[in-house]
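For reference, the structure is listed below as structure tokens.
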Amino acid sequence: MTLALRFAARSHTGLLREGNEDSVYAGPRILAVADGMGGHAAGEVASAVAIAALAPLDEDVPGNDLLDVLRERAVAANEHLRDMVSGDQALNGMGTTLTAFLFAGNRLGMLHIGDSRAYLLRDGTLAQITHDHTLVQRLVDEGRISEEEASTHPQRSLITRALDGRDGIEPDLSVREVRAGDRYLLCTDGLTGPVGRLETLQEALEIDDPQEACDRLVQLALRGGGPDNVTVIVADVVNAGGLRPVSPVVAGAAAESPQDPPAGIAESSAARARTAEGRDVEPPSRARAAEPVQKQRRRPWRAAVLSILVLGLLTAGVGAAYTYVRSQYYVGVDGERVAIFRGVTGEVAGIALSGVAQTTELDMDRLNTLDVARVEQGIVARNRADADQIVRRLALSLPGDCVRNTTPGPSPTPTTLSPSPTPDPALTPDPTVLAGPSPAVGLPGASPTPQATQPSPTGVPCPTGSS
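The sequence shown lines up with residues 2 to 468 when you count with our numbering.
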């Protein structure tokens, strides 16, 4: 029996933090959570770097060296953090936890450093399968304090290992056998701090749908005060037969402040193998994962708020909602290419809330894994000029030395939003943030004020349809 992962993920800023320093990636082969530290800007960069180092593994069929591959990526991420600190002392002191799975059929490789956690629910029993690298856990291990005392210890947030740019990182590495019916939880301490009891976690994990289980876990953390960013992945090991593919989930700082993979690992091992063998075969789908029916949700808080605006237009004849929707832009997918859309993602009462403004010459199959996931979920732009800038950044991140001309041809007539006489009164706003990119888009160091007159990237043209 061929096994696959059915997964869902969610990241929430919490009730007391201003920004989200957690990052998460959930795909068909890679599951990873990272909790950044060192201040808002530095923490979100550190966690995003860790995720960017692992994400390319989602494109490959894993071999037998699961732990070597995971260690290599962790070391590369750590070295990249060191280089970043050397170039910008404002980032000094940043670091991140990292807990990650590399799935390979009937087994998985696990890498763990810091105090983010992984749990396994098997045969009705939930068990923690990682060991916290914290001062209080060390005190517990030495018998100096109890588990109960550790939960309220004033130094409980002090971690003893992390990816922080220093030499000699020591992640825990192990290989685990997987079985159909297993359910895994990966989470940051924003969940396990407020919700420490295994019984409470298990009750939420016994919800059948992974996304609903994620939602419940985040809800429990918020009810517990939500003092920190909270990020969770729920993944089931299932029979691959009859499952439909969905895109990987990228959320938190990895979506809001995406980082390029560290130098030397951007090219997938599958691509290297194809080159070495002198053949060109179709690579594994870079943005697909096994999921029965329901697709990952896309920013329902935004859709709900916009739905209310549109319903206000339909019922009261107010033009403000229509004007607002038409003033929005995002970068998404039109066929096999990147496109700029006018409007917002989603629909209300069967009415599409967006239309294609311009289709670029940038092929989706040339983007890296993170960018594919971000574009498929829709990268929200501040305005049209910002949307153009996002496309340019995507083009500049293409692998190799080629840069496709992203200047679009004549714009098609934007889709007109037609009002419907039958609004749905059941729509209500959801103040939480679900997995998916934030309106805060762009690359670190990029100008915050996009210039509409900036020329398209130059370089060696990429042949149409190449991969």
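Even for Gly, the Cβ is constructed at its ideal location relative to N, Cα and C.
*Could you tell me which of Pro63, Arg198, Gly333 and Gly166 sits nearest to glutamine 378, measuring between CA atoms?*
Here the question's residue 378 lines up with position 377 in the sequence shown. When only C-alpha atoms are compared, the closest one is Gly333.
*Taking all protein chains shown into account, do 16 or more other C-beta atoms lie within 10 angstroms of the C-beta of alanine 181, making it buried, or fewer, making it exposed?*
Taking the sequence shown and counting its residues from 1, the one referred to as residue 181 is at position 180. Around the beta-carbon of alanine 181, fewer than 16 other beta-carbon atoms lie within 10 Å, marking it exposed.
*Which residue comes first and which comes last in the alpha helix (DSSP H) that contains histidine 81?*
On the sequence shown, residue 81 is found 80 positions in, with the first residue counted as 1. Taken as a continuous stretch (DSSP letters only), the alpha helix (DSSP H) holding histidine 81 covers 67 to 88.
*Proximity of tyrosine 330 and arginine 385 at Cβ, strictly below 7 Å*: For the purposes of this step, residue 330 is taken as the residue at position 329 of the sequence shown. For the purposes of this step, residue 385 is taken as the residue at position 384 of the sequence shown. If you check the CB distance, tyrosine 330 and arginine 385 come in under 7 Å.
*Reduced DSSP secondary structure (H/G/I, E/B, other) of methionine 365*: Within the sequence shown, numbered from 1, the residue matching residue 365 stands at position 364. Three-state result, methionine 365: helix.
_Rounded separation between threonine 135 and valine 326 - CA only_ = On the sequence shown, position 134 is the one that residue 135 refers to. On the sequence shown, position 325 is the one that residue 326 refers to. Their Cα atoms are separated by approximately 47 Å.
_Residues in the same chain with beta-carbon distance under 7 Å from glycine 15, minus the five sequence neighbours each way, listed in chain order, please._
The residue you call residue 15 lines up with position 14 of the sequence shown. If we look at glycine 15 and ignore the five residues flanking it on each side, its Cβ neighbours are Gly191, Gly227, Pro228, Asp229, Asn230 and Val231.
*Reference valine 62; option with closest CA among Val50, Ala5 and Ile52*: The sequence position of residue 62 within the sequence shown is 61, counting from 1. If we check each option's Cα against that of valine 62, Ala5 comes out closest.
*For arginine 18, which residues of its own chain have a beta-carbon under 7 Å away from its beta-carbon, when the five flanking residues on both sides are left out?*
Position 17 of the sequence shown, counted from the first residue, corresponds to residue 18. The residues are Asp229 and Asn230.
*Starting from glutamine 138, follow its DSSP beta bridges and name the residues at the other end.*
Counting from 1 along the sequence shown, the entry for residue 138 is found at position 137. Paired residues: none, contrary to the question.
*Within the same chain, show all residues whose beta-carbon is closer than 8 Å to that of threonine 417, passing over the 5 residues directly before and after it, in chain order.*
Here residue 417 refers to the residue found at position 416 when the sequence shown is read from its first residue. In this prediction, threonine 417 scores a pLDDT of 44, lower than 50, which makes its location untrustworthy; the coordinate-derived value is nonetheless stated afterwards. Closer than 8 Å at the Cβ level, and outside the excluded window around threonine 417, lie Gly356.
_threonine 161, DSSP secondary structure in three states_ = Locating residue 161 in the sequence shown gives position 160, counting from the first residue. DSSP places threonine 161 outside both helix and strand once states are collapsed to three, so it counts as coil.
*Identity of the residue in Ile130, Gln220, Val34 and Arg184 nearest aspartate 209 by Cα*: Along the sequence shown, one-based indexing puts residue 209 at 208. Residue Arg184 is the option with its Cα nearest to aspartate 209.
_Using beta carbons (cut-off 7 Å, strictly below), is threonine 370 in contact with chain C?_
Absent from the structure: chain C. Only one protein chain is present.
*Using the rule of at least 16 other Cβ atoms within 10 Å of the residue's Cβ for burial, across every protein chain shown, is leucine 186 buried or exposed?*
For this step, residue 186 is matched to residue 185 along the sequence shown. Answer is buried; the Cβ neighbour count reaches 16.
*Using 10 angstroms around the beta-carbon of valine 319, count the other beta-carbons present and answer buried if the total reaches 16, otherwise exposed.*
In the sequence shown, the residue the question calls residue 319 occupies position 318. At valine 319, the pLDDT of 42 sits below 50, so the modelled position is not reliable; the number obtained from the coordinates is stated separately. The residue in question, valine 319, is exposed, as its Cβ has fewer than 16 Cβ neighbours within 10 Å.
*Identify the continuous beta strand (DSSP E) that holds threonine 178 and give its terminal residues.*
By one-based count along the sequence shown, residue 178 stands at place 177. Note on identity: in this sequence residue 178 is glutamate, with threonine being the wrong assignment. Judged by DSSP secondary structure, glutamate 178 falls within the beta strand (DSSP E) whose first and last residues are 173 to 178.
*When DSSP builds the beta bridges, which residues end up paired with asparagine 240?*
Taking the first residue of the sequence shown as 1, we reach residue 240 at position 239. Partner(s): Leu4.
*asked:* Considering only DSSP beta bridges, list what leucine 103 is partnered with.
replied: Mapped onto the sequence shown, residue 103 falls at position 102. Looking at the DSSP assignment, leucine 103 forms a beta bridge with Ile31 and Gly110.
*Nearest to proline 1 by alpha carbon, out of Arg224, Ala27 and Glu178?*
No statement about residue 1 is possible, as the shown extent of the chain runs from 2 to 468 and does not include it.
_Taking only three categories from DSSP, how would you classify alanine 205?_
Within the sequence shown, residue 205 is the residue found at index 204, counting from 1. DSSP places alanine 205 in helix when its eight states are reduced to three.
*Could you tell me the distance, in whole angstroms, from the CA atom of alanine 382 to the CA atom of isoleucine 341?*
As a first step, residue 382 must be located in the sequence shown, where it is residue number 381. As a first step, residue 341 must be located in the sequence shown, where it is residue number 340. Distance between the alpha carbons of alanine 382 and isoleucine 341 is about 9 Å.
*At a cut of 8 Å, does the region 120 to 130 reach the region 44 to 54 through at least three beta carbon pairs?*
By the Cβ test, the region 120 to 130 is not in contact with the region 44 to 54, since fewer than three Cβ pairs between them sit closer than 8 Å.
_Quick check on serine 87: buried or exposed, where buried means 16 or more other Cβ atoms within 10 Å of its Cβ?_
Position 86 of the sequence shown, counted from the start, is the residue given in the question as residue 87. Classification for serine 87: exposed.
*What are the partner residues of glycine 115, as DSSP defines its beta bridges?*
Indexing the sequence shown from 1 puts residue 115 at position 114. Under the DSSP definition of a beta bridge, glycine 115 lacks any partner.
*Distance, leucine 354 Cα to valine 345 Cα*: On the sequence shown, position 344 is the one that residue 345 refers to. On the sequence shown, position 353 is the one that residue 354 refers to. Roughly 5 Å separates the two Cα atoms.
*Does DSSP classify arginine 375 as helix, strand or coil?*
Residue mapping note: residue 375 aligns to position 374 of the sequence shown, counting from 1. If DSSP states are grouped into helix, strand and coil, arginine 375 belongs with the helices.
*Buried or exposed: proline 246, going by 16 or more other Cβ atoms within 10 Å of its Cβ?*
In the sequence shown, residue 246 corresponds to position 245, counting from 1. With a threshold of 16 other beta carbon atoms within 10 Å, proline 246 falls short and is exposed.
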